[in-house]
Structures are given as C-alpha cells and as structure tokens.
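There are 2 protein chains.
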Amino acid sequence: MPNYLAIDAGGTSTRAVFLAPSGQCLGYGISGGGNPVSRGFDGAMDSLLGASKAALGGAPQPLISVTVGMAGASLELPKHLFAERFKPLGLMGNVVIESDLLAAFYSGTHQDDGYALIAGTGAVAARIAGGRLGAVADGTGWLLGDSGSGFWLGHEVARAVAAALDGRGAPTALTELVLADLGIALDPSSRSQGRVTAQQQLIVKTYELRPVELSRFAPLVFALPDDAVAQEIIARCAAALAQTLTAVADTSVSGPLIFGGSVLTKGGTVGAAVLAQLGRSAEAAGYGGVFETEPALVADGVVGAAVLALKRNGETVDASVFERINSTLAALRG
Amino acid sequence: MPNYLAIDAGGTSTRAVFLAPSGQCLGYGISGGGNPVSRGFDGAMDSLLGASKAALGGAPQPLISVTVGMAGASLELPKHLFAERFKPLGLMGNVVIESDLLAAFYSGTHQDDGYALIAGTGAVAARIAGGRLGAVADGTGWLLGDSGSGFWLGHEVARAVAAALDGRGAPTALTELVLADLGIALDPSSRSQGRVTAQQQLIVKTYELRPVELSRFAPLVFALPDDAVAQEIIARCAAALAQTLTAVADTSVSGPLIFGGSVLTKGGTVGAAVLAQLGRSAEAAGYGGVFETEPALVADGVVGAAVLALKRNGETVDASVFERINSTLAALRG
C-alpha cells in the first residue's frame, strides 16, 4: 500500500519521515543541510535523498508523493528536477515544495488558521489562513531586518561591548564574556593612539568573522540575569519579535500561535517577554483574542511536513491524526 | 631654503601641500585614495607621491620632513619604507605619520587641547590633550559601531523601508525614494508566498550590494523634513554622535570643538541636533564648559597636516600662522 514521504529541509540539517495515510510514522532519517540556496542544488539533493533513504529503511517504497518544507527562496525551483531524483526511491506522483513557515506552523497544530513566529538565526512571522500563507513579516535577512533573531542578539552584544569599552555605553559583564570568547585580555588602562587596546583587538577579531557569525554571542545574554545591558538587549529583542508578529495579525484570522527557533524555544526569557509585550501591543492594536495565549513550541518542521503531505493529498488531519503523527514520530526519534 | 611637505591621505582622495616654515603655502596637489589598508602599500604610495609631485610643481625641492595624516591602522607601518620613496622628491629628514584624527582637529584650530567629532562614512570622536590623542571613542567600523555615520544612516533607512513594507514600521516617504533608487515598482497589493513583492525585490537588490554601500541611502533622510520616520532617524543619529563625543569628554581638557565629515558638515540638521543633544548630555554629565559652543567645520585634514608638520618640527603655530596657512592654501585651491 502506497505511503507518503515528508521532508523538513533546513540550512544545517534535514529530517525525513515515511508515513501512512493514517498518520502512522513508519520510518525517520536525518542528514545535513538541505537548502539549495546555501548548499547548491546537488548538495541539497544529497541531503534530501540521504535522509529519505534512511527513513525508507534503505529500500524503495511505493510513494504517493514527496512533500518538502523549504525556505522561501527555494519555492521557485523547478519541481521536475526534484521528481527525477526521487523516482528511484519509489515516487509515483509529484514532489511538492512547501514553505518552511507552513511546515513550522503545522508542526504545532493541525488547524488551518493561526500564526507562527520563528526566531532562530533569522526572525520571521506569518499569518496562516485556510492552510496558506496570508501574510509574512520580516525574514528580511541580517542586514535589512531579522530583528530579534540570533544574529540580531549577537550583533547587539558585540556592539554593546564595543560601546562599553570606550565609555559610549554602560559597563556590562558581557564585555568579559565576549573578550574571553575571542581570547582578548582586558586591561582598561592600556591604550594606543588614544584607543583602548582591548577594543582595537575586538575590532580586528570581529572583522575576521563573517558578519552572520556574530550570532555566536547570542547565548551570552541569557547567562547574565542581573546585567542591565544584557537584560535591555533581551527586552528589545522581545519587543522587536512582538512587533513582527503584530504586523501579520488580522482580526479576521484567529487560531493557534506557534513559536519556533532557538531564541524562542531555548531562551526561555525571550518567549515569556514576547508574550508579555504581545498582550500589550495586541490589545493596543485591537487584536485581543486573535492569538491563543499559550504558544506551542516547535523544535523543527518535520511534523508539519508530514501534516502537509497528508492535507495536500486530501487525507483528514484531525486532533487524533495529529497526535498519532507526533507520538509515532517521537517513538522513532527515540 | 628647505620647506615642509604635508599630506592628508584619505580613503578616496589625497591632498598634499608644500609650505614654508612661516605657514605660507607654496603649492598644492590632489590625487586618489591614499590609505594603505584599502589600496595596498604601493597603490597608496602612488597617490601620496602623485599629490606631492603636483604640490612641488613637478621638480624636487629641499624638504625638512614629510608629514602624513592617515587612518589609525596605518600608524604602525614602517616609516623607512615611506622615506625611501620621498627621497627622490628632495626629502632630507624623516616621514612622520600622524593620526587622521589629529589632522582633522588641527584643520580647525592651532590650539593643542580640544575635541574632534568626525561623521563621514564612519563616526569617531577624539579628545586631544597637549597635541596628542588622549582618548578615542567609536570609529569601530560599520559592524561594531560607527553609530551616526553615513553607513549607519543608510542602514537605518534601508531597515526602516523594509519594516514599512510589511507593517512592522510606520509608513514613510523613504520607501518611495529607496525603491526608486533601486528601480523597484511599489504595488502594495502584490504578494507572493505571503510576502509583499516589493520587499522581496528590496531583499534581492540590497544583498547584491556590499554592506558599506548602504551609505548611498544616507542623503535621503535630509530630503524629507516632514517625514516622521526620517526625522526620527536623524534624531537618533544626533543622539549617537553626541554620546560618542561625550564619551571622550574630560573636565581637565577644554578647548575648541571640531566637526568633520559629510554628515556633520553637509547635513546641516545633524550638526545642529548634535549641539542640542550635547548641551543636555554634557551638562547632565558635568561637562558644561568643556566644549566650545560653536564648532569649527572642517572639510578635510590637509590644513591640520600642515599644522602638524610645523608643530612637530618646533615651528610656532599661533593664530596668525594658522590664518596664513588657511588663506594661502585657499588661494592655491582656488
């Protein structure tokens, strides 16, 4: 009896699940980054096929379709190139590419209306209506936006330390943590040409990194609950994310609120601060009741890819099917 | 009778002046970028020698010394490499490399104590005491700081437009100007995968630029005196620059305040806003009276390089010598 293959293709890792029309998960596999924009088409395909083969247990299986959740820019790729590669695995129908935002949303709910807020390396919010993307805010990348993302946090940390070192900003315990991370000794009395030596070294070491690597400093803000500068960065992070989510709110759409990405699911304080901000800004904007008050946290988009595989092929996904996908997948993931 | 050669070596252009110990300017020349970090040593030397030969009128002249004002990172370069290249021009003594911050400061005053605030592509402040750099704040580059610089302004403009397009930020007339600059048509009702099409095009076009090229959007904020978003960016720019200057303020040093760089000397509103902020923050921090209330605006550092050439060689530079340098140089520049 033919089944489904659903894939969550992320920038650093790819997850595939083989599942029955009932929602019963039959196999699971993981591999490396599966984003064609960052890895190239062939590199991404290697990851997709690697995770898929593992999910299928190594042998071809009759597959009704292959559903892939991928970042926005990949949605325009020609589908037949994907289909060719999946035929040897047993594909009878098509490859369907879905937005990673939808995959994240459906990882937290089986309902077709609601909201998703993702803050990992990037930051983006989406309104989902009738199972489709109704509006998207931010997700504009490290230079133009992604306000409240991991990069944004790390960048703010680096700027706060640079400012603390020459007195533009308040002293902060972040300075010690960032300089230690970069192997720089701090002697505030040491200056060269008027500039504090540690700041000169910070400049040299920071510009040796690719800009996006500043996200390495993001976790430091969560290590300093008593540091005013760190807490102020967290507060601005939460305010930015609340603003991004509020931008997609619409009184005609209400439903579950899904939180994804490490900043929201691992940095406990940010998630709570966003909810506090959200209560205020949503009420101020007349959006009270649009968001469910308790967000569902999702670690990745593989459950949502499975939900999309079933829904897009006309299978029913109700609360019990959604629960079956989650419990049988959890058992496979161990 | 031997004379002096003074050079202001900038990132995009280089200016040289040939002057007598009296401050009388005898020749002037310009050429391309003279920064060894961005142009390489040989490329920078070509610019330095090109401007110098023009200043000397094409023939070698007996030169007591050559004084070069250059950005901080160049100050560690081995001086004898410079000296070798200037011997064919008549150099009898040494090449002395001075900070471009000192050259900017002395372009506005002959006094040895005071403050300089420069906001061009980058942003930096310095306290000068006894003719040396006492403290430097910011100038930490586009990624770590340069708050209030031309890059910072352009970056804030681009971010404000990205936010306005998806409703995170307030609507602004900057949107029309930025999209027109990039050749993007604005149809707010056109969306793809939930995202406003014009924003998707903004993302693509912006990431094709080098980050520092965002400074091209800086002048746009000055074109919109009635736009709240543009005015808010200008206000934050001025606040950041005032904070940078305040960071180097010290009650033991008072004297002239020198403003340099296009943001402060061409964007009239920023300079005035910095002074307003400064009054407040300097007073709050107990620095009242440290800054002179009327800043001197300087267009570049060539006058300061000339002042440094004389001072470092024991020549007197009083108000009348300073005035002679300025008036005779102005005549040469035409």
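Chains C and Z are the protein sequences, given in the same order.
Each step along the first sequence adds one to the number in our numbering, with nothing skipped, and position 199 is 199.
Each step along the second sequence adds one to the number in our numbering, with nothing skipped, and position 196 is 530.
We treat Cβ as the ideally placed atom computed from N, Cα and C, and that holds for glycine.
These numbers were taken from a predicted model, which means no experiment stands behind them.
Three-state class that DSSP yields for residue i in the structure shown
i      : result
A247/C : helix
I659/Z : helix
A507/Z : coil
L543/Z : coil
E112/C : Per the sequence presented here, residue 112/C reads as Asp, with Glu not at that position. It is coil, neither helix nor strand.
A285/C : coil
L133/C : strand
A9/C   : strand
R419/Z : helix
V196/C : strand
R525/Z : strand
I537/Z : helix
V641/Z : helix
L49/C  : helix
Residue burial classification, residue i (beta-carbon count within 10 angstroms, cutoff 16)
i      : result
V136/C : buried
G448/Z : buried
P295/C : buried
V538/Z : exposed
E418/Z : exposed
M335/Z : exposed
A496/Z : buried
H80/C  : exposed
P78/C  : exposed
T506/Z : buried
D480/Z : buried
T627/Z : exposed
E76/C  : exposed
E208/C : exposed
G391/Z : exposed
D472/Z : buried
T650/Z : exposed
T580/Z : buried
For residue j and residue i, believed in contact at Cβ under 8 Å, the rounded distance
i      : j      : result
L548/Z : A492/Z : 5 Å
L264/C : L117/C : 7 Å
A350/Z : S386/Z : 5 Å
G69/C  : D8/C   : 5 Å
G23/C  : K311/C : Their Cβ separation, rounded to whole angstroms, is 11 Å, which puts G23/C and K311/C out of contact at 8 Å.
V608/Z : L554/Z : Incorrect: roughly 19 Å between the Cβ atoms, too far for contact.
C25/C  : L332/C : 6 Å
G363/Z : A388/Z : 3 Å
Spatial distance of residue i from residue j (CA atoms)
i      : j      : result
V302/C : T14/C  : 9 Å
A606/Z : L48/C  : 58 Å
D226/C : Y621/Z : 30 Å
A378/Z : P422/Z : 17 Å
S65/C  : N3/C   : 8 Å
L641/Z : G648/Z : Here the sequence assigns Val to residue 641/Z, which means Leu is not the residue at that position. Whole-angstrom Cα-Cα distance: 11 Å.
Y440/Z : G638/Z : 4 Å
G442/Z : T244/C : 46 Å
A239/C : Q277/C : 6 Å
A249/C : V298/C : 20 Å
S190/C : A463/Z : 17 Å
L202/C : P21/C  : 55 Å
V563/Z : G33/C  : 39 Å
T585/Z : R461/Z : 11 Å
G594/Z : G454/Z : 7 Å
D46/C  : Q534/Z : 28 Å
L499/Z : F485/Z : 21 Å
A576/Z : T603/Z : 14 Å
E232/C : R658/Z : 52 Å
A532/Z : T509/Z : 10 Å
A319/C : D521/Z : 40 Å
L353/Z : A340/Z : 8 Å
R236/C : L153/C : 9 Å
Bridge partners - residue i, DSSP secondary structure assignment
i      : result
C3/C   : A small correction: the amino acid at residue 3/C is Asn; Cys does not occupy that position in the sequence shown. Answer is L63/C, bridged to N3/C.
L425/Z : L397/Z
C571/Z : According to DSSP, C571/Z bridges with nothing at all.
F259/C : L117/C, L297/C
E432/Z : G403/Z
G363/Z : A350/Z
D138/C : V124/C
F291/C : G255/C
Distance cut-off 6 Å: residue i Cβ against heavy atoms of the ligand FMN
i      : result
V429/Z : Absence of the ligand FMN from the depicted structure is noted, as is the absence of any ligand whatsoever, leaving it without description.
CB contact below 7 Å: residue i versus chain A
i      : result
A469/Z : This model lacks chain A altogether; the protein chains it does include are C and Z.
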